[in-house]
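K.L.:
First the structure, which I've put down as structure tokens, then a few questions once you've had a look.
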Amino acid sequence: MTVDASNSLASPPARDLSLPVFVLLACALVLLARCVGPLAAPAHLLMPLPLLLAGLRQGLRAAAAVSLLAMALQIALSGLPAMLFYLAAYGGPTLLLVVLLRQGRRWPQATLGAVLLSLAGLAGLLLLAAGPDLGRVDQLVGDYVTQQAELVRQLYQQAELSADQRLELLQVVDQAAYFFRQTFPAIAVVGLGLIYLISLSLALTWRVQTLLLHGPLFTRLRVAESLIWLLILAGFALLLPQPQIKRLALNLLVVLLPLYFLQGLAIISHYLQKKGFSLVSRAFVYTLVVVFNPLPLLVTAMGVFDLWFDFRKPRVKTS
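So in my numbering the end of the sequence shown lands on 329, straight run, no missing numbers.
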């Protein structure tokens, strides 16, 4: 099922004063991203949003202008490396996303294109930092993860916790740091995909009148059936003794399982919409599904088994 309301995007209004708002939003996100604490992560999650909004409302030039101003602020605050990171991770990929969406490309393929360009840019920066010795790539990643883990440890050390609670949390930090070192490539893929999907979803709720989205409705979202074999293969590969094969399998699972979680979430969204739940009620359900264990595992399993049971297939009532 697709949404094909038009072959192109409608022309924006002649007078649109929203561009300064998008510039201010982009600059605010750059400032918040420099914070140490709970504000930094949401800022990075929303970083492409003002560029995407400007591009979908006013065109590619407007998005490029917002991006250039944000990069200028990055240079002024943090120097050239921070600007290059912004360009590779957010600026260039978001402009590509704008171009693809305005050309009428399907939103899953357009989002994938933005993620791949972002990965290529970040990989290029990482290789540039490593120099001719490619073995330093793992070392640079490990140093970055260790630095971030140390910041979290310092926050826990300053928190008013009992000795047992602090020890337990520090052990969790060490385990998470080890996991991140092993799965850094996959986490980068999932993180960037999440960032661009969130920005695209929020762009739709901003009442961007010029956007006509092409592609499947979220409630009909379905992962390619062939990926189930890759999921099964990766699961069995974890049982092998070779550490490199286990690491590759773990990275595959980290990428594939969120896709099936999205499919499970689409199934839930289908039934919430079918039953006429309000937007607030649906947001509450989505929050429960994401936050409370073991609901994420159950939703992921629902996405996996949808291949065989087709939970959204209309059922014929029999008396």
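Cβ coordinates follow ideal geometry from the N, Cα and C atoms, glycine included.
(1) Is the Cβ-Cβ distance between Val-125 and Leu-66 less than 8 Å?
(2) Only counting the same chain, and skipping five residues up and downstream in sequence, which positions put a Cβ closer than 6 Å to that of Ala-36?
(3) Anyone know if the C-beta pair for Val-155 and Arg-191 falls short of 8 Å?
(4) From Gln-185 to Arg-257, what does the alpha carbon distance come to, in whole angstroms?
(5) Can you give the Cα-Cα distance for Ala-92 and Tyr-281, rounded to whole angstroms?
(6) Could you work out which residue in Val-290, Tyr-270, Phe-287 is closest to Phe-315 when comparing CA atoms only?
(7) CB Leu-207 to CB Thr-121, shorter than 8 Å?
(8) Please return the same chain residues whose Cβ sits closer than 6 Å to the Cβ of Met-57, not counting the five positions on each side in sequence.
(9) Could you pull out every residue in the same chain whose Cβ sits closer than 7 Å to the Cβ of Ala-64, ignoring the five residues on either side in sequence?
(10) List in chain order: all unbroken alpha helix (DSSP H) runs of 4+ residues lying wholly within the segment 113–191.
(11) Is the distance from the Cβ of Gln-283 to the Cβ of Thr-229 below 8 Å?
(12) Where does the unbroken alpha helix (DSSP H) through Met-312 begin, and where does it stop?
(13) Answer yes or no: do Leu-179 and Tyr-166 have a C-beta to C-beta separation smaller than 8 Å?
(14) Name the residue from Leu-161, Leu-70, Ala-198, Gln-84 whose alpha carbon lies nearest to the alpha carbon of Leu-129.
(15) Report the rounded CA-to-CA distance for Leu-372 versus Ala-196, giving the unit in angstroms.
(16) Could you compute how far the alpha carbon of Gly-134 sits from the alpha carbon of Gly-102?
(17) Below 8 Å on the Cβ atoms is my contact criterion, and I expect Leu-132 with Ala-98 to pass it. Report the Cβ-Cβ distance as a whole number of Å.
(18) For His-224, write down the residues that DSSP places opposite it in a beta bridge.
(19) Okay, do the segment 295–302 and the segment 245–264 touch, 3+ Cβ pairs below 8 Å being the bar?
(20) Where does Val-301 land, buried or exposed, given buried means 16+ other C-beta within 10 angstroms?
(21) Below 8 Å CB to CB, which residues in the same chain sit around Arg-44 once its five sequence neighbours on both sides are set aside?
(22) Taking only three categories from DSSP, how would you classify Ser-236?
(23) Looking only at its chain, what residues have a beta carbon closer than 7 Å to the beta carbon of Leu-317, apart from the 5 residues adjacent to it on each side?
(24) Would Val-200 and Val-290 be called neighbours here (beta carbons separated by less than 8 Å)?
(25) Going straight from the alpha carbon of Leu-325 to that of Gly-286, what length do you get?
(26) Should Ile-242 go down as buried or exposed, given a rule of 16 or more other Cβ atoms within 10 Å for buried?
(27) When the distance is taken between beta carbons, is Gln-175 closer than 8 Å to Pro-231?
(28) If Gly-114 sits next to His-224, beta carbons under 8 Å apart, how far is it from one beta carbon to the other, in whole angstroms?
(29) Taking the straight line between their C-alpha atoms, what separation do you get for Val-182 and Gly-123?
(30) Do Ala-53 and Leu-70 have their C-beta atoms closer together than 8 Å?
(31) Give me the Cα-Cα distance between Leu-305 and Glu-170, rounded to the nearest whole angstrom.
(32) Please report the residue range of the alpha helix (DSSP H) in which Leu-302 lies.
(33) At which residues does the alpha helix (DSSP H) containing Gly-65 begin and terminate?
P.N.:
From the atom records:
(1) no
(2) Pro-60, Val-76, Ala-80
(3) yes
(4) 15 Å
(5) 44 Å
(6) Tyr-270
(7) yes
(8) Leu-39, Tyr-100
(9) Leu-29, Phe-32, Ala-72, Ala-73, Val-76
(10) 117–140, 146–168
(11) yes
(12) 305–319
(13) yes
(14) Ala-198
(15) This structure cannot settle anything about residue 372, because the visible part of the chain is limited to 11 through 329.
(16) 13 Å
(17) 5 Å
(18) Arg-116
(19) no
(20) exposed
(21) Ala-50, Leu-87, Ser-88
(22) coil
(23) Glu-235, Ile-238
(24) no
(25) One detail in the question is off: residue 325 reads as Arg in this sequence, not Leu. If I take the Cα positions, the gap works out to 18 Å.
(26) exposed
(27) Just to set this straight, residue 231 is Leu in the shown sequence, not Pro. It is not a contact, given that the beta carbons lie outside the stated cut-off.
(28) 5 Å
(29) 35 Å
(30) no
(31) 30 Å
(32) Reading off the sequence shown, one finds Phe at residue 302, where the question assumed Leu. No alpha helix (DSSP H) contains Phe-302, which DSSP labels as neither H nor E.
(33) 59–68
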